[in-house]
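Read in order, the letters of the sequence shown correspond to residues 8 to 364 in our numbering.
Down below is the structure, laid out as C-alpha cells.
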Amino acid sequence: MVNARFNFFGKTLSGIQQIEPRWKRIATVSEQYLRDLIGQEYVKTNFSPNAKKRAIDLVDNIKASLKDRITGLTWMGAETKAKALDKLAKIDVKIGYPDKWWTYENTDVSNQPHILNVLNCAYAENLRVLAKLNKDKIDRTEWGMAPQTVNAYYNPLINEIVFPAAILQPPFFYAAGDDGVNYGGIGMVIGHEITHGFDDEGSQYDAEGNLKNWWTDADKKNYEEMTGKFVKQYSGYTLFPGDSLHVNGELTLGENIADLGGMIISFNALKKAISTKKPTLINGLTPEQRFFINYAIIWRENMRPENMRMQTLSDPHSLSNFRVNGVLSNLPEFFKAFGVKPTDKMYNKEETRAKMW
8 MVNARFNFFG
18 KTLSGIQQIE
28 PRWKRIATVS
38 EQYLRDLIGQ
48 EYVKTNFSPN
58 AKKRAIDLVD
68 NIKASLKDRI
78 TGLTWMGAET
88 KAKALDKLAK
98 IDVKIGYPDK
108 WWTYENTDVS
118 NQPHILNVLN
128 CAYAENLRVL
138 AKLNKDKIDR
148 TEWGMAPQTV
158 NAYYNPLINE
168 IVFPAAILQP
178 PFFYAAGDDG
188 VNYGGIGMVI
198 GHEITHGFDD
208 EGSQYDAEGN
218 LKNWWTDADK
228 KNYEEMTGKF
238 VKQYSGYTLF
248 PGDSLHVNGE
258 LTLGENIADL
268 GGMIISFNAL
278 KKAISTKKPT
288 LINGLTPEQR
298 FFINYAIIWR
308 ENMRPENMRM
318 QTLSDPHSLS
328 NFRVNGVLSN
338 LPEFFKAFGV
348 KPTDKMYNKE
358 ETRAKMW
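Rendered as C-alpha cells:
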C-alpha cells in the first residue's frame, strides 16, 4: 500500500523518484499526532518572548494600515465600510503558540509497533473531537496548526488569523531585523491573511463568523467588477513559454487578491514605520528595495515540472514566480523603487493593472 500510494502521488503526480526513508515517514506521522508535545519543545528553543512581541507589533501596524486603506476606498460605500472596519477590529490574532496546549494523558504511545501507536493516537483524537459535540460554545483558544508548521491561515468561521512560530523565522521574520525585510516578508503574509477576511469567500462571513451578507448590492458589484482584471492577468500566464497550460485565474482569484492586498497594506505600514527614521542603506539598498527583494526571497523554491502542473491544475495558489512577478507588475511603488520604465518587461500599463485594496 505504501509503495502503491507513492507510485501514484509521488512519482506520477509529483515527479518524485525515490520514497523517503521509513524513519522520516514515521517521524512525519508522529509529528501530526503529537503536534503539541513537539510544539512545546520547538517553541522553547526557537521563539523568544521578544520575537512574539515584535510579531504582535507588526500585526497591529498591518491592521492599522488596512484600516486606513478601507477608510479611503472610493469604490466602497459608508455602510459597507462601517461593517468592514468592525470586522477588522474584531479579528482575533494568534501568534506563535497556543495559550493552552493539548494533553495526551489518554493517548497510549509506547515501545510497540508503529501502527499500534498510530491507531491509539487516532482513537484518542476521535474521542477529543466527539467530546466537542456536547459543548455549547466553540473553543476559540484552539489552533488549527502546530507551532512547528511553516504556514499561516485566516479562519472565517471564527474571524481569526493564526501565525505559528515556525513561520515567524527567517527569511519571513527576523526578531531583531530590519523593517524593510520584515514588512516584505512576514508583513506581507500578515496582510495576505487579514485580507482573506474581505476576499471573494471571506467577505461572505460577518465579524462574528456567521455566514451573512454584509455588503450592499452596489459595493458587491464594484468588487466583482474589479476582480475581472485579476482573472484576465493571471489567466494569461502559461506554465512555461509556449506551453498550452495556463494559470486558472478563477481558481486562484482569492489568493491573488490576498497577495496584492497584503503587499499594498504591508508597504504602507512600512512607509509609516520608517517615516520618523533616517533613511538607511543596507548593502546599497533602500528600505523599499529591501521590502520587495525579501518578498521575492520568501517565495523561492525548486519544483519538479510534474508537481508544477499538478499545482496549476488544482491549487488555489498561483505558482511562486507568478505570485511574485504578477503582484509586483501591479505596483507603481515597485516601479519607483527600482526605476522600472514603460519599456521594461515587468512594467504594466495603468489601465491593465489589477487593483483592490
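Ideal placement from N, C-alpha and C gives every residue a C-beta, glycine not left out.
Since this is a predicted model, take the numbers as computed values, not measurements.
Test item: CB-CB of residue i and residue j under 7 Å
i    : j    : result
F179 : I193 : yes
G187 : R61  : no
F342 : F299 : no
I77  : L92  : yes
P163 : Y212 : yes
E308 : S327 : yes
Y161 : E200 : yes
G46  : D226 : no
V50  : P154 : yes
S116 : V66  : Looking at the sequence provided, one finds Val at residue 116 rather than Ser. No, these two residues do not count as a Cβ contact at 7 Å.
Residue of the options minimising C-alpha distance to residue i
i    : options                : result
K107 : D43, M83, Y160         : D43
V254 : K343, S325, K236, K139 : S325
K236 : T259, D226, D224, P248 : T259
K356 : P286, A71, S336        : S336
W109 : G151, W364, N141       : G151
G256 : A265, L267, G243, G268 : G243
D322 : N263, A89, N166        : N263
I289 : H203, G184, T223, A159 : G184
A182 : H203, P56, L95         : P56
A361 : Y302, G333, T350       : G333
Through-space distance from residue j to residue i, alpha-carbon basis
i    : j    : result
I23  : K31  : 15 Å
I102 : F15  : 37 Å
K278 : M195 : 13 Å
T319 : Y241 : 11 Å
L41  : T87  : 43 Å
A172 : N133 : 26 Å
A131 : D146 : 18 Å
G191 : M8   : 43 Å
G79  : S72  : 11 Å
A303 : I98  : 28 Å
A89  : L95  : 10 Å
N124 : R12  : 21 Å
Coil, strand or helix - residue i by DSSP
i    : result
T234 : helix
L258 : coil
L320 : helix
I77  : helix
D115 : coil
T202 : helix
Strand pairing of residue i, partner residues [DSSP]
i    : result
H3   : Lying before the first or after the last residue shown, residue 3 is absent from the chain, which here runs from 8 to 364.
I168 : V100, Y161
Y212 : L218
L292 : I289
Distance cut-off 6 Å: residue i Cβ against heavy atoms of the ligand ATP
i    : result
Y104 : With respect to small molecules bound, the structure shown includes none, and the ligand ATP cannot be examined in it.
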